[in-house]
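In the numbering used here, the protein residues as written are 16 to 104. The beta-carbon is built from N, C-alpha and C at its ideal position, and this holds for glycine as well. Right, one structure below, let's go through it.
Structural data, given as structure tokens:
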């Protein structure tokens with residue numbers, strides 16, 4: 016949590032650290048903050064950061080498992096639409 020002058024608002028020694036708006040922000044967002052501008056400047060690093068965050072929670076096998084789980088429902092929907100179209104024709 017860096018101020019415009021480069022000082023850390025998360026530091027308990029900072030004069031504004033105990034102000035309610037700072038404490039509310041720390042409570043809701045934590046002391047670390049990612050600036051969008053920092054992500055835009057380094058697209059490769061940004062992509063790696065986002066991929067690492069996603070891969071921490073979603074296993075690599077998930078897309079295939081999800082597709083396999085959906086396949087029967089997708090076919091049932093196709094069959095239902097085909098039946099509706101056949102009735103109207």
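- Remark: C-beta atoms of residue 25 and residue 46 approach each other more closely than 7 Å.
- When DSSP states are grouped into helix, strand and coil, residue 23 belongs to the strand group.
- It is roughly 39 Å from the alpha-carbon of residue 77 to the alpha-carbon of residue 103.
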